[in-house]
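Chains as they are written, first to last, in our numbering: chain A, 6 to 119; chain B, 46 to 159.
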């Protein structure tokens, strides 16, 4: 069973609107949780990284939250733009911090329409 | 920095042929990873190297797959003989020990075996 589950699988939003993506994980213990953006035909690019002691991290219009007690994370996109159309992947890193196995979610496909 | 460079970007080959994928990691990074991405299974770690030495190849699907890293600036992933089920996007990534934030993916090689 995948240790990182993402929802929804896909969503369509209108340009300028906000949206929130969810990530539930069972990896324990964990070192850090990352959100990646993957444009079509490109490799994943890191948006945010949070350790277990952090509960929020922002990168421009992207804000990630983490609740280590409930093992849930969310990625909020504010004022979406057409360029936000991509797959967003939640990744949980096992210890040790220097190198730990990464557990990947299946991703949420976001389509932003004009 | 040019980032992680992979070649070719696209490869179409016939079943039974040998396929070689290439990767140049970011200069100074001491970890290199090979991933495979499919719609069904998402991102899967195949093998990773530390200082040019293979550390964990448990993700390599079968003996038809092999990977080498002859020096710090070059790695190859070889499939011989190739099969249609090997069709996927193969990513290379590199990172710097102790620096989780340095984990960087290449743009991938899309392999199609017909």
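No residue lacks a Cβ here, since even glycine has one placed at the ideal position from N, Cα and C. Please read these numbers as outputs of a predicted model, since none were measured by experiment.
Candidates the options, of which the one nearest residue i by Cα
i: residue 82 (chain A); options: A:97, A:21, A:38 and A:98; result: A:21
i: residue 64 (chain B); options: B:110, B:71, B:75 and B:83; result: B:110
i: residue 84 (chain B); options: A:62, A:14, A:25 and A:24; result: A:14
i: residue 122 (chain B); options: B:130, B:74, B:149 and B:156; result: B:156
i: residue 112 (chain B); options: B:93, B:49 and B:48; result: B:93
i: residue 27 (chain A); options: A:59, A:75, A:47 and A:86; result: A:75
i: residue 37 (chain A); options: A:84, A:87, A:77 and A:45; result: A:77
i: residue 114 (chain B); options: B:102, B:159, B:106 and B:53; result: B:102
i: residue 87 (chain B); options: A:118, A:114 and A:119; result: A:114
i: residue 91 (chain B); options: B:124, B:49, B:159 and B:74; result: B:124
i: residue 57 (chain A); options: A:72, A:66 and A:116; result: A:72
i: residue 95 (chain B); options: B:78, B:104, B:106 and B:105; result: B:78
i: residue 58 (chain B); options: B:130, B:150 and B:141; result: B:130
i: residue 84 (chain A); options: A:65, A:98, A:110 and A:49; result: A:65
i: residue 132 (chain B); options: B:75, B:80, B:50 and B:76; result: B:80
i: residue 52 (chain A); options: A:89, A:118, A:108 and A:106; result: A:89
i: residue 112 (chain A); options: A:18, A:49, A:23 and A:24; result: A:49
i: residue 119 (chain A); options: A:110, A:23, A:87 and A:109; result: A:87
Any chain B beta carbon closer than 8 angstroms to residue i
i: residue 1 (chain A); result: Coverage of chain A is limited to positions 6 through 119, which leaves residue 1 (chain A) absent and any answer about it impossible.
Any C-beta of chain A under 8 angstroms from that of residue i
i: residue 73 (chain B); result: no
i: residue 87 (chain B); result: yes
Partners in chain C for residue i, counting only beta-carbon separations shorter than 8 angstroms
i: residue 152 (chain B); result: The chain labelled as chain C is not found among the protein chains of the depicted structure, namely A and B.
inquiry  = Across the stretch 37 to 45 of chain A and the stretch 84 to 95 of chain A, are there enough close Cβ pairs to call them in contact, namely three or more that are closer than 8 angstroms?
reply    = Between the stretch 37 to 45 of chain A and the stretch 84 to 95 of chain A, the count of Cβ pairs shorter than 8 angstroms is three or higher; the stretches touch.
task = Anything in the stretch 26 to 49 of chain A with a Cβ closer than 9 angstroms to a Cβ of chain B? List those residues in chain order, please.
result = For the stretch 26 to 49 of chain A, the beta-carbon criterion of a distance under 9 angstroms to any beta-carbon of chain B is satisfied by 36, 37, 39, 41, 43, 46, 47, 48 and 49.
query = Which parts of the stretch 36 to 72 of chain A are runs of the beta strand (DSSP E), unbroken and 3 residues or longer, counting only runs that do not cross its ends?
reply = Within the stretch 36 to 72 of chain A, complete beta strand (DSSP E) segments of at least 3 residues are found at 37 to 43, 50 to 56, 61 to 64 and 67 to 72, given in chain order.
request  = Give, in chain order, every residue of the stretch 108 to 135 of chain B whose Cβ lies closer than 7 angstroms to some Cβ of chain A.
outcome  = Residues: none.
ask   = Counting Cβ pairs, one atom from each stretch, are 3 or more of them under 8 angstroms apart for the stretch 23 to 40 of chain A and the stretch 6 to 14 of chain A?
value = Taking a cut-off of 8 angstroms for Cβ pairs, the stretch 23 to 40 of chain A and the stretch 6 to 14 of chain A touch, as three or more such pairs fall below it.
ask   = Quick one: any contact between the stretch 55 to 70 of chain B and the stretch 134 to 141 of chain B, if contact means 3 or more CB pairs under 8 angstroms?
value = These segments touch.
In chain order, each beta strand (DSSP E) run of at least 3 residues that lies wholly inside the stretch 64 to 137 of chain B = Listed in chain order, the complete beta strand (DSSP E) runs (minimum 3 residues) inside the stretch 64 to 137 of chain B are 64 to 69, 76 to 83, 87 to 95, 98 to 101, 110 to 116 and 119 to 124.
ask   = Could you give the uninterrupted runs of the beta strand (DSSP E) lying entirely in the stretch 71 to 111 of chain A, keeping only those of 3 residues or more?
value = Counting whole runs of 3 or more residues, the stretch 71 to 111 of chain A contains the beta strand (DSSP E) stretches 77 to 82, 91 to 98 and 107 to 109.
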